[in-house]
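A.B. asks:
In our numbering, the protein residues as written are 76 to 366.
1. How many Å lie between residue 361 and residue 347 at the Cα?
2. Does the beta-carbon of residue 271 have 16 or more other beta-carbons within 10 angstroms, so that it is buried, or is it exposed?
3. From the DSSP output, in three-state form, read off residue 140 for me.
4. Checking contacts by CB at 8 Å: is residue 318 closer than that to chain C?
5. Am I right that residue 308 and residue 319 are in contact with their C-beta atoms under 8 Å? What's the rounded C-beta distance?
6. Check the DSSP bridge columns for residue 293 and list the partner residues they point to.
7. With a cut-off of 8 Å on the beta carbons, I'd call residue 213 and residue 239 a contact; round off their distance for me.
8. Beta carbon of residue 192, beta carbon of residue 209: below 8 Å?
9. Is residue 223 buried or exposed, if buried means 16 or more other CB atoms sit within 10 Å of its CB?
10. Put residue 215 into one of helix, strand or coil per three-state DSSP.
11. With distance defined between alpha-carbon atoms, name the residue in 122, 243, 142 nearest to residue 176.
12. How many angstroms separate the CA atom of residue 91 from the CA atom of residue 187?
Encoded structure:
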């Protein structure tokens, strides 16, 4: 295994502790949630894995926070968001960057600062340029990430953002009956990862040789799993040098399915059996298998 591969694997194994440490300080999440609870619109921005983490958190922000929330690539922020972001309309910006130095993300925070718009930095480095431009900071307790591929910082970003969404939900109509089980699920994530990581590694080692001749990959998910598909596609590009694209599973039928051939890997993220999304994905896989 290369040095890069060892770094990546080590950082994958660090995720349980990183996530637990990142969400442990509930006080800072509660303080920020209280500060921003009256926001009328939340915009998240970032690049690469940070964008995907923002996308993954949208589902809880909208469902629990009940504040209209969307995510935009920081490179598109000047064109899509600058014209509409207003202090007087109680808009909130959440800028996501593990390094705190991504130019487009820092520029977005700088714009919010100049306009007096509340903003939150989500970063590993609390003294970074991004943090300095943001009046509120959610620190990611990850330590240094040496691998080019974001692993522990990506999952820490999701954990931090979801924790914030849950805390904002305390000030909306979500109710404890809804919030408490989700909070317990989030707190259980480190143990779930720790308990399953060895088995997952063994499975990956067993099946990966079957895909050595793959030339392209499609990663399919639906609902929150679509965000996971986006990050998985990025990882295949960065780590395996495979052309990979993510699709919301129902959308794969509308054109992309025509590209599937014997050199294509299709990875479907299957939701729990109780989910209404299950039938949609399994029927799609059956259709692909017939090709």
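Each residue gets a CB set at the ideal place from its N, CA and C atoms; glycine is no exception.
C.D. replies: This is what the structure gives:
1. 18 Å
2. exposed
3. In the structure shown, residue 140 falls within a helical segment according to DSSP collapsed to helix, strand and coil.
4. Of the chains in the structure shown, none is chain C; there is only one protein chain.
5. Right, the Cβ-Cβ distance comes to about 4 Å (below 8 Å), so this counts as a contact.
6. In DSSP, residue 293 forms a bridge with 320, 341.
7. 7 Å
8. no
9. Per the 10 Å Cβ criterion, exposed.
10. In this structure, DSSP gives residue 215 a state outside helix and strand, which the three-state scheme calls coil.
11. 122
12. 34 Å
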